[in-house]
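A.B. asks: Okay, handing you the structure first.
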Amino acid sequence: DSGVTQTPKHLITATGQRVTLRCSPRSGDLSVYWYQQSLDQGLQFLIQYYNGEERAKGNILERFSAQQFPDLHSELNLSSLELGDSALYFCASSLSGRAQETQYFGPGTRLLVL
Amino acid sequence: GENVEQHPSTLSVQEGDSAVIKCTYSDSASNYFPWYKQELGKRPQLIIDIRSNVGEKKDQRIAVTLNKTAKHFSLHITETQPEDSAVYFCAKMDSNYQLIWGAGTKLIIKP
C-alpha cells in the first residue's frame, strides 16, 4: 500500500457524460500528479499540482481539468467523454515535486466509456 | 523534445536466467533515473532508482547501471522468478523535476 488513495476503483459511463476522479496523496506529500494509461500502453502524464497550484501540464485534453484542494486532495474532471477516454487513470504523489524524489502511485481508477 | 527509448518492448526469459532492459535518453541534464514495476491491473511501484553520482546500484536480485557519457541506463534482474513477470518502466527526471517515461517492457518468465 503506497498511502495514495483513489476513488472510485471502477467507473462505467456513456459517451458525452462527465465524471470526477478523486485522489488523496500520502500524508505529508504536497505534490499530486495525474496519469492516463490506455490498454497495454505506457503512462501519459496529464498534469501536476503542488500545494493547490498547477505546476506542470502534460498531454491533457481541453475536455479534462483538475484541481487540488486546500486539504491537498485532488480531483480530475473528464467531460464530453469519448470511447477513447477509456483507460486506467492513476494519481501519484511526492513530497514536493521539486527534487529527485519518488512518486508514489495510487491503485488507479478504471474508466470504461460505452 | 526530451524522450526515453526503452528496449526491448517484450522480453521472454527462462526462469532462473537473467533479464536486462535498456533505456537511452537524449538530455544530458538528467540526474535521477527510477525504475517502476507494474503487475497486471495494478499500480506502478518503484523497485530501484539511481542518481547520477553513482554508476551502479544493487538491491538483492535487482541492479541498475548508469552510463552518463553514453546516456543509457539498464535494469538487471538475476535468477528470475515467476513473480518477476510484469511490465517494467524506466524514467528519467528532467530539469523541471518531471519524469519522462519509457514505453515499458513486458517481461515474461517461462517456467
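The listed protein sequences derive, respectively, from chains R and P. Just so we're aligned: the first sequence equals residues 231 to 344 in the working numbering. Just so we're aligned: the second sequence equals residues -14 to 96 in the working numbering. The C-beta atom is built at its ideal place from N, Cα and C for all residues, glycine as well.
Below 8 Å on C-beta distance, what does residue 337 of chain R contact in chain P?
C.D. replies: 27 and 28
A.B. asks: Give me the chain R residues within the contact set of residue -7 of chain P, using Cβ-Cβ distance strictly less than 8 Å, ordered along the chain.
C.D. replies: Close to residue -7 of chain P, with beta-carbon spacing below 8 Å, lies no residue of chain R; the smallest spacing is near 14 Å.
A.B. asks: Can you list the residues of chain R that residue 86 of chain P reaches, using a CB-CB cut of under 7 Å?
C.D. replies: 272 and 273
A.B. asks: Can you list, in chain order, the residues of its chain with a C-beta nearer than 6 Å to that of residue 344 of chain R? Leave out the 5 residues immediately preceding and following it.
C.D. replies: 244
A.B. asks: Provide the residue(s) that pair with residue 299 of chain R in DSSP beta bridges, ordered along the chain.
C.D. replies: Per DSSP, none; premise fails for residue 299 of chain R.
A.B. asks: Taking all protein chains shown into account, decide if residue 330 of chain R is buried (16 or more other Cβ within 10 angstroms of its Cβ) or exposed.
C.D. replies: So residue 330 of chain R counts as exposed.
A.B. asks: For residue 96 of chain P, which of helix, strand or coil comes out of DSSP?
C.D. replies: Note: residue 96 of chain P maps to coil in three-state DSSP.
A.B. asks: Please classify residue 87 of chain P as buried or exposed, where buried requires at least 16 other C-beta atoms within 10 Å of its C-beta.
C.D. replies: buried
A.B. asks: Where does residue 28 of chain P land, buried or exposed, given buried means 16+ other C-beta within 10 angstroms?
C.D. replies: buried
A.B. asks: Beta strand (DSSP E) containing residue 69 of chain P: first to last residue?
C.D. replies: Neither: residue 69 of chain P is in no beta strand (DSSP E) and is coded neither H nor E.
A.B. asks: Taking the beta carbon of residue 233 of chain R as the centre, do at least 16 other beta carbons fall within 10 Å, making it buried, or is it exposed?
C.D. replies: exposed
A.B. asks: For residue 330 of chain R and chain P, any beta-carbon pair shorter than 8 Å?
C.D. replies: yes
A.B. asks: Check residue 291 of chain R in the structure and name its three-state DSSP category.
C.D. replies: coil
A.B. asks: Verify the CB distance criterion: does residue 213 of chain R have a CB-CB separation below 8 Å to chain P?
C.D. replies: Past the edges of chain R, shown from 231 to 344, lies residue 213 of chain R, and the structure says nothing about it.
A.B. asks: Contact defined as beta carbons within less than 8 Å: I believe residue 305 of chain R pairs with residue 250 of chain R. What is the distance between those atoms, to the nearest angstrom?
C.D. replies: 5 Å
A.B. asks: Considering only the beta carbon of each residue, do residue 300 of chain R and residue 282 of chain R sit closer than 8 Å?
C.D. replies: yes
A.B. asks: Residues of chain R with a CB under 7 Å from the CB of residue 31 of chain P: which are they?
C.D. replies: 332
A.B. asks: May I ask you to report which of helix, strand or coil DSSP gives residue 2 of chain P?
C.D. replies: coil
A.B. asks: I'd like to know whether the C-beta of residue 323 of chain R is nearer than 8 Å to at least one C-beta of chain P.
C.D. replies: no
A.B. asks: Which residues bound the beta strand (DSSP E) around residue 313 of chain R?
C.D. replies: Segment: none, residue 313 of chain R is in no beta strand (DSSP E) and carries neither H nor E.
A.B. asks: Taking the C-alpha atoms as reference points, what is the distance between residue 8 of chain P and residue 239 of chain R?
C.D. replies: 32 Å
A.B. asks: DSSP has residue 88 of chain P in a bridge; who is on the other side?
C.D. replies: Its beta-bridge partners do not exist; DSSP assigns none.
A.B. asks: Let's see if you can read the secondary structure: which residues bound the beta strand (DSSP E) around residue 64 of chain P?
C.D. replies: First-last for residue 64 of chain P: undefined, no H or E at that position.
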